[in-house]
Amino acid sequence: MKNLLKEIKPSRKEQQEVKKIIREIIKSIRIANTKVSLGGSSAKGTWLKNNHDIDIYIKFNPKKYEGIDIAEVLKDNVQGTVLHGSRDYLQLKKGNYTVELIPIMEIKSVEHAQNITDISPFHAKWVNKHKKYKGDIMLAKAFAKANGFYGAESFIKGFSGYSMEVLTIHYKGFKKLLKNVSQWKRTTVIDTEKHHKKKVQLNEAKMLSPIILVDPVQATRNVTAVVSPEKYDLFKKKAKEYLKHPRKEMFVKKEFSLEELQKKKGEKIILELVPLEGKRDVVGAKLLKCFEYIKEQLKEHDFVIKEANWHWKEGENAILYYIFKEQKLSPTIKHYGPPVKQKERLEHFKESWKQYPVKEEKGRSYVMLSRKYSKPKDLITDLIGTDTIKSRAKKVEI
Numbered sequence: 002m003k004n005l006l007k008e009i010k011p012s013r014k015e016q017q018e019v020k021k022i023i024r025e026i027i028k029s030i031r032i033a034n035t036k037v038s039l040g041g042s043s044a045k046g047t048w049l050k051n052n053h054d055i056d057i058y059i060k061f062n063p064k065k066y067e068g069i070d071i072a073e074v075l076k077d078n079v080q081g082t083v084l085h086g087s088r089d090y091l092q093l094k095k096g097n098y099t100v101e102l103i104p105i106m107e108i109k110s111v112e113h114a115q116n117i118t119d120i121s122p123f124h125a126k127w128v129n130k131h132k133k134y135k136g137d138i139m140l141a142k143a144f145a146k147a148n149g150f151y152g153a154e155s156f157i158k159g160f161s162g163y164s165m166e167v168l169t170i171h172y173k174g175f176k177k178l179l180k181n182v183s184q185w186k187r188t189t190v191i192d193t194e195k196h197h198k199k200k201v202q203l204n205e206a207k208m209l210s211p212i213i214l215v216d217p218v219q220a221t222r223n224v225t226a227v228v229s230p231e232k233y234d235l236f237k238k239k240a241k242e243y244l245k246h247p248r249k250e251m252f253v254k255k256e257f258s259l260e261e262l263q264k265k266k267g268e269k270i271i272l273e274l275v276p277l278e279g280k281r282d283v284v285g286a287k288l289l290k291c292f293e294y295i296k297e298q299l300k301e302h303d304f305v306i307k308e309a310n311w312h313w314k315e316g317e318n319a320i321l322y323y324i325f326k327e328q329k330l331s332p333t334i335k336h337y338g339p340p341v342k343q344k345e346r347l348e349h350f351k352e353s354w355k356q357y358p359v360k361e362e363k364g365r366s367y368v369m370l371s372r373k374y375s376k377p378k379d380l381i382t383d384l385i386g387t388d389t390i391k392s393r394a395k396k397v398e399i
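Be aware that the sequence shown starts at 2, since it is given in the working numbering, and climbs by one per residue.
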């Protein structure tokens, strides 16, 4: 583990580069009654090698800026690309690094937060209380990234960096984290700071995820609210896999290869999508919708999918692919109507399909129709022209 940790930790050169950028930015921001400080994984010392994202918080004095839109104040004083979130923030490019300047209110307790971002410094403070687990946290993050369940963006629906930090600290290290994750049930509730003496009380929206991870610094927040059942199950699967056969390769993200994809057996359809411009999370969510819509339609038309997935890296085109089981579809399909006992609905069904003989199967009416699509490519070709796809991608090619 020590050797592996050396490989995922930022090099001394990288650390010096980041420190230099941070110093320059902090020195350049001059807004009255504010303090500028480092945020995110950099502030916690849990960032990984080749992670070129830096968060910097501009803390506004709440008394001096009461009733004032601090995002607008930041935009008026600093040049940068405006990104929209729960509160607008700025993005700057510094060499190979992306720096995000996030305006927050400088508050003394989470109860005074006006926005979710105001609580972020409390997250760093809590994580920094557990410095002995920093190496374990870095291993956990590298493991999550390499195995495809890292990232709380709406198009990923995985585990955020903060959730990996909390989980690693809760289970007291990386190995214990994997051991416990491998034993997770269908749903999991974790309350590290024991905010809730009885059953965790969170609103319905926070209960949709298979895992409830109560924020150690904010009792009403589920840190893992966005985690999908698929990513939850993937974490469990990969934890079991590693415990059974520990290996270094499970910490290295396998780069997507179109050549490797082409080698896979079975009929396959590969689409290349030119994404729209915009914020990464929004663009990604639109591409995900394209992927899911096509997959749903293929299933509705009886095509059996052996494997389907998609790949997108910001600044590049997206690749969607579907691999099918060998099958021969019948030339006709059954289109079902109401139960034959429901006379009024049955008459309406017969009237609607009067050019076809209405038949009965297990008390249900139906007519036989010609199958519109016998090949998946024909269906996908038509789907590309629908508004669902055209409104979410600039261009699509098969």
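All residues carry an ideal CB built from backbone N, CA and C; glycine is no exception. Note that this is a predicted model, so its numbers are computed, not measured.
Straight-line gap, residue i to residue j (C-alpha atoms, nearest Å)
i: THR193; j: HIS336; result: 53 Å
i: LEU272; j: ALA319; result: 8 Å
i: TYR243; j: PHE236; result: 11 Å
i: ASP137; j: ASN181; result: 15 Å
i: PRO1; j: LEU321; result: Residue coverage of the chain in this structure runs from 2 to 399, which leaves residue 1 outside it and unanswerable.
i: ILE57; j: ARG13; result: 21 Å
i: HIS131; j: MET2; result: 19 Å
i: ARG31; j: GLN16; result: 25 Å
i: ALA143; j: SER183; result: 17 Å
i: LYS186; j: LYS177; result: 16 Å
i: GLY41; j: HIS302; result: 46 Å
i: GLU352; j: TYR367; result: 13 Å
i: VAL74; j: LEU259; result: 46 Å
i: GLU348; j: LEU330; result: 30 Å
i: TYR151; j: GLY162; result: 7 Å
i: VAL283; j: LEU277; result: 9 Å
i: HIS171; j: VAL128; result: 11 Å
i: ASP216; j: PHE257; result: 34 Å
i: LYS65; j: THR188; result: 45 Å
i: TYR98; j: LEU289; result: 26 Å
i: GLN115; j: THR221; result: 15 Å
i: LYS21; j: PHE252; result: 29 Å
i: ILE191; j: MET165; result: 13 Å
i: LYS245; j: ASN148; result: 16 Å
i: LYS146; j: LYS45; result: 18 Å
i: LYS109; j: ILE120; result: 10 Å
Residues that DSSP places opposite residue i in a beta bridge
i: ASP282; result: DSSP lists no partner for ASP282.
i: HIS196; result: HIS196 pairs with nothing; no bridge assigned.
i: TYR1; result: One cannot answer for residue 1 here, as it falls past the ends of the chain, which runs 2 to 399.
i: VAL83; result: LEU91
i: ALA394; result: PRO276
i: MET369; result: LYS335
i: PHE160; result: TYR151
i: VAL190; result: ILE213
i: TYR134; result: Paired residues: none, contrary to the question.
For residue i, the three-state DSSP class (helix, strand or coil)
i: SER29; result: helix
i: GLY152; result: coil
i: TYR357; result: coil
i: MET139; result: helix
i: ARG346; result: helix
i: TYR172; result: coil
i: VAL182; result: helix
i: GLN219; result: strand
i: PHE304; result: coil
i: SER331; result: coil
i: ILE57; result: strand
i: VAL37; result: strand
i: THR387; result: coil
i: ILE103; result: strand
i: THR225; result: coil
i: VAL19; result: helix
i: ILE362; result: First, the residue type needs correcting, since residue 362 is Glu and not Ile in the sequence shown. Residue state, collapsed to three classes: strand.
i: ILE294; result: Rather than Ile, the amino acid found at residue 294 in this sequence is Tyr. Note: TYR294 maps to helix in three-state DSSP.
i: ILE399; result: coil
i: LEU214; result: strand
i: PRO377; result: helix
i: TYR66; result: coil
Cβ distance (whole Å) where residue i is taken to contact residue j below 8 Å
i: VAL37; j: ILE59; result: 6 Å
i: LYS323; j: THR389; result: The residue you asked about is not Lys; residue 323 is Tyr in the sequence shown. Their Cβ separation, rounded to whole angstroms, is 16 Å, which puts TYR323 and THR389 out of contact at 8 Å.
i: VAL227; j: LYS158; result: 5 Å
i: ILE55; j: SER43; result: 6 Å
i: GLU315; j: ARG346; result: Going by Cβ atoms, the distance from GLU315 to ARG346 rounds to 51 Å, so no, they are not a contact pair.
i: LEU5; j: LEU140; result: 7 Å
i: THR35; j: ASN62; result: 7 Å
i: ARG372; j: PRO332; result: 6 Å
i: THR382; j: ILE399; result: 7 Å
Chain E contact for residue i (CB, 8 Å cutoff)
i: ILE271; result: You won't find chain E in this structure, because it holds only one protein chain.
Sequence ranges, beta strand (DSSP E) only - wholly within the stretch 106-132, length at least 3: none
Every unbroken alpha helix (DSSP H) within the stretch 228-264, with a cutoff of 4 residues, ordered by chain: 230-245 and 259-264
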